[in-house]
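Numbering (the working numbering), first residue to last: 153 to 415.
Reviewing the structure listed below.
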């Protein structure tokens with residue numbers, strides 16, 4: 153036969169497993185990644201001493217200004233993200249707590265994910281080259297483009313690669329630069345037909361762009377709302393849907409003529 157516990161004793165006994173549960177949840181790994189603004193790279197210049205874009209088989213222009221692709225940096229795919237990490241970063245504007253699957257959608261190990269991201273980058277570079285040459289009506293059998301960007305994976309640099317190739321080969325089409333001498337940044341996937349696709353982490357990428365001197369940011373139109381939510385001061389958003397709209401907007405900015413779309 154058991155003696156009856158006092159109210160205080162009962163609360164104390166019940167509190168032990170509750171406290172234990174709270175502690176367990178606080179230190180247990182959660183299916184999230186924490187991201188922050190990453191590096192940017194001028195595709196018209198060099199990255200780690202190597203030209204990002206090298207063209208052979210056609211005359212290449214000397215360009216001015218910059219076209220900066222943008223990135224985010226996320227916790228490693230095998231990192232432990234706890235409740236404390238989520239709470240600490242949830243309300244910060246320079247961090248984002250993202251579902252692990254949205255940052256690392258495939259692969260179970262670091263090597264598998266790195267392999268997947270590298271494959272996506274190669275596919276993006278091939279599509280960017282094809283889109284640029286198609287836009288300029290150049291024969292891919294004669295004109296060769298080599299794209300090199302160290303330690304960056306995924307497809308989100310496609311639009312900027314394409315614009316960089318167009319600028320090096322044709323500029324604005326009448327002797328000027330696509331950038332108009334500005335530092336232009338952006339993000340977006342691209343396919344061989346020049347269609348621009350959405351990417352993730354846009355608010356963090358706008359911060360990286362402004363940090364590195366950009367005054368114009370090209371964003372997939374579908375992500376205008378995300379880009380506007382925490383837009384850094386001094387950065388102008390220009391929405392794009394395809395390569396033609398991106399080029400037309402940059403030429404309009406350069407020449408100061410024509411209507412330029414906004415988010």
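C-beta atoms are modelled at their ideal positions from N, C-alpha and C, and glycine is treated no differently.
Quiz item: In this structure, what does DSSP give as the bridge partners for residue 226?
Solution: Position 74 of the chain shown, counted from the start, is the residue given in the question as residue 226. According to DSSP, which records beta bridges pairwise, residue 226 is partnered with 187.
Quiz item: Which residues mark the beginning and the end of the beta strand (DSSP E) in which residue 337 is found?
Solution: Against the chain shown, residue 337 aligns to sequence position 185. Residue 337 -> beta strand (DSSP E) spans 335–338.
Practice problem: Could you please give the first and the last residue of the uninterrupted beta strand (DSSP E) stretch that includes residue 208? | Solution: Numbered from 1 along the chain shown, position 56 holds the residue referred to as residue 208. Counting along the chain, the beta strand (DSSP E) containing residue 208 begins and ends at 205–208.
Practice problem: My understanding is that residue 318 touches residue 370, with C-beta atoms under 8 Å, so please give their C-beta distance in whole angstroms. | Solution: Locating residue 318 in the chain shown gives position 166, counting from the first residue. Locating residue 370 in the chain shown gives position 218, counting from the first residue. At roughly 13 Å, the Cβ-Cβ gap does not stay under 8 Å, so residue 318 and residue 370 are not in contact.
Self-check item: Under the three-state DSSP convention, the category residue 354 falls into
Solution: Counting from 1 along the chain shown, the entry for residue 354 is found at position 202. Three-state DSSP puts residue 354 in a helix.
Quiz item: Which residues share a DSSP beta bridge with residue 218?
Solution: Reading the chain shown from its first residue, position 66 is the one you call residue 218. DSSP lists 335 as partners of residue 218.
Quiz prompt | DSSP state of residue 245 mapped onto helix, strand, coil | solution = Stepping through the chain shown from its first residue, residue 245 is reached at position 93. Three-state DSSP puts residue 245 in coil, outside helix and strand.
Quiz item: Of all the options 393, 327 and 219, which has the alpha carbon lying nearest to the alpha carbon of residue 366?
Solution: Residue 366 sits at position 214 when you count from the first residue of the chain shown. Closest option to residue 366, Cα to Cα, is 219.
Self-check item: Simplified DSSP state of residue 349, which is helix, strand or coil
Solution: Along the chain shown, one-based indexing puts residue 349 at 197. Looking at residue 349 - three-state DSSP - the assignment turns out to be strand.
Practice problem: Taking only the alpha-carbon atoms, compute the straight-line gap between residue 395 and residue 221 and give it to the nearest angstrom. | Solution: As a first step, residue 395 is located in the chain shown; it is residue number 243 there, counting from the start. As a first step, residue 221 is located in the chain shown; it is residue number 69 there, counting from the start. Approximately 15 Å, taken between the alpha carbons.
Quiz prompt | Three-state secondary structure (DSSP) of residue 413 | solution = Residue mapping note: residue 413 aligns to position 261 of the chain shown, counting from 1. Residue 413 falls in the coil class under three-state DSSP.
Self-check item: Counted within 10 angstroms of its Cβ, other Cβ atoms place residue 284 as buried (16 or more) or exposed
Solution: The sequence position of residue 284 within the chain shown is 132, counting from 1. When all chains shown are included, residue 284 counts as buried.
Exercise. Could you check what DSSP says for residue 198 in three-state terms: helix, strand or coil?
Key: The residue labelled residue 198 in the question sits at position 46 within the chain shown. If DSSP states are grouped into helix, strand and coil, residue 198 belongs with the strands.
Quiz prompt | Close beta carbons around residue 208, own chain, < 6 Å, minus the five adjacent residues each side | solution = Against the chain shown, residue 208 aligns to sequence position 56. The answer, listed in chain order, is 296.
Practice problem: Consult DSSP for residue 193 and reduce its assignment to one of helix, strand or coil. | Solution: In the chain shown, counting from the first residue as 1, residue 193 sits at position 41. The answer is strand: DSSP assigns residue 193 an E or B state.
Self-check item: Presumed contact (8 Å Cβ cut-off) between residue 232 and residue 320, rounded CB distance
Solution: Numbered from its first residue, the chain shown carries residue 232 at position 80. Numbered from its first residue, the chain shown carries residue 320 at position 168. Incorrect: roughly 44 Å between the Cβ atoms, too far for contact.
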